[in-house]
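Worksheet for the structure shown next.
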Amino acid sequence: MAENRGAVALVKRLAGFPAGDCCGESLTAPTVERETLRRLVVGSGQRVSLGRAISDDWPRIGNLLERSKLSPDGLKPWLMNTIVGLVGDEVVAVAAFEMYGDAGLLRSVAVIPDLRGRGLGAELVRMVEVLAAERGIGRFYLLTETADDFFSKLGYAKTTREALPAGMAKSELLRHVCPVSARVMVRDLK
Ligand SMILES: CC(C)(COP(=O)(O)OP(=O)(O)OC[C@H]1O[C@@H](n2cnc3c(N)ncnc32)[C@H](O)[C@@H]1OP(=O)(O)O)[C@@H](O)C(=O)NCCC(=O)NCCS
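In the working numbering, the protein residues as written are 194 to 383.
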């Protein structure tokens with residue numbers, strides 16, 4: 194319940210998005226100083242601050258994704274929809290989503306190896322789900338080659354590539370990154 198309250202608080206604090214950035218056409222990452230949305234203590238006392246990505250985070254997000262064997266291709270235009278976890282200046286966790294009408298494509302979920310298995314990945318997924326729901330997304334889809342069980346625990350169910358909304362076909366992730374062997378999963382956010 195405490196986590197839900199935190200998620201609701203996150204939504205309320207994000208409610209002031211400019212009107213033009215709700216449809217995936219004029220998304221830009223904020224360049225302003227970051228607002229910390231949540232603080233977690235994980236593992237042996239590591240303090241992780243969670244907040245929306247700012248444009249300066251991009252190189253470190255890309256670095257984390259590449260170290261996690263995930264491609265950053267096509268993510269940069271969606272930095273507005275990206276949550277990062279920070280220890281000091283280091284980006285230790287990330288989760289993001291693309292938007293296609295009322296469907297979202299959850300992507301780029303990664304945690305540095307030292308902090309895995311401590312709930313951080315799940316927390317970031319919940320945060321981007323709340324952010325997406327507030328922005329009118331009713332359903333999240335994702336593609337994964339390795340983390341089906343992680344997403345199953347978070348309520349995602351297997352579906353088929355054919356079930357993906359037609360508009361999502363223009364996603365770089367679908368066009369160039371994820372192989373046809375990647376599993377497709379879905380979860381209703383409403
Ligand atoms: C997948 C990943 C983000 C999980 O992050 P994490 O912080 O370790 O996950 P959490 O600690 O929040 O785990 C939540 C639950 O999922 C389980 N879990 C975590 N990773 C898992 C995996 N790869 N396979 C199966 N279960 C997994 C945890 O044991 C935990 O279960 P519990 O609630 O029963 O204890 C992380 O392992 C990672 O960065 N992997 C490399 C990148 C990747 O594959 N991303 C997913 C594709 S976008």
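Built from N, CA and C at the ideal position, the CB exists for glycine as well.
For Ala288, I'd like the list of residues in its chain whose CB is within less than 6 angstroms of its CB, leaving aside the five on either flank, ordered along the chain.
Closer than 6 angstroms at the Cβ level, and outside the excluded window around Ala288, lie Ile276, Val302, Leu317, Val318, Val321.
State the Cα-Cα distance for the pair Leu268 and Glu365, rounded to the nearest angstrom.
8 angstroms
So, is Val234 buried or exposed, given that buried needs 16 or more other C-beta atoms within 10 angstroms?
That one is exposed.
As a quick exercise: from Gly310, Ile305, Val284, pick the residue whose alpha carbon is nearest that of Trp251.
Val284
Out of Leu313, Glu226, Asp249, Gly294, state which residue places its alpha-carbon closest to the alpha-carbon of Gln239.
Leu313
Less than 6 angstroms between C-beta atoms, sequence neighbours within five positions excluded: which residues of the same chain meet that for Arg354?
Val377
Suppose you measure from the CA of Ala296 to the CA of Gly331; what does that come to, to the nearest Å?
6 angstroms
Report yes if the C-beta of Val321 is less than 6 angstroms from at least one heavy atom of ligand 1; otherwise report no.
no
Pull up the CB-CB distance for Ala350 and Arg311, whole angstroms please, since I reckon it's below 8 angstroms.
Between Arg311 and Ala350 the Cβ distance is about 25 angstroms, and since that is not below 8 angstroms, they are no contact.
Hey, Leu279 and Ser242: beta-carbon distance below 7 angstroms or not?
yes
Comparing alpha-carbon positions, which option in Pro306, Phe333, Asn274 lies nearest Ala356?
Nearest C-alpha to Ala356: Phe333.
If you check the beta carbons only, do Phe290 and Ala246 fall under 7 angstroms apart?
no
Taking the beta carbon of Gly281 as the centre, do at least 16 other beta carbons fall within 10 Å, making it buried, or is it exposed?
exposed
Just to confirm, does Phe343 get its C-beta within under 6 angstroms of one of the non-hydrogen atoms of ligand 1?
yes
Is Arg260 near ligand 1, with its Cβ less than 6 angstroms from a heavy atom?
no
From which residue to which residue does the alpha helix (DSSP H) around Lys346 run?
341–346
Gly294 vs Gly360 beta-carbon contact at 7 angstroms:
yes
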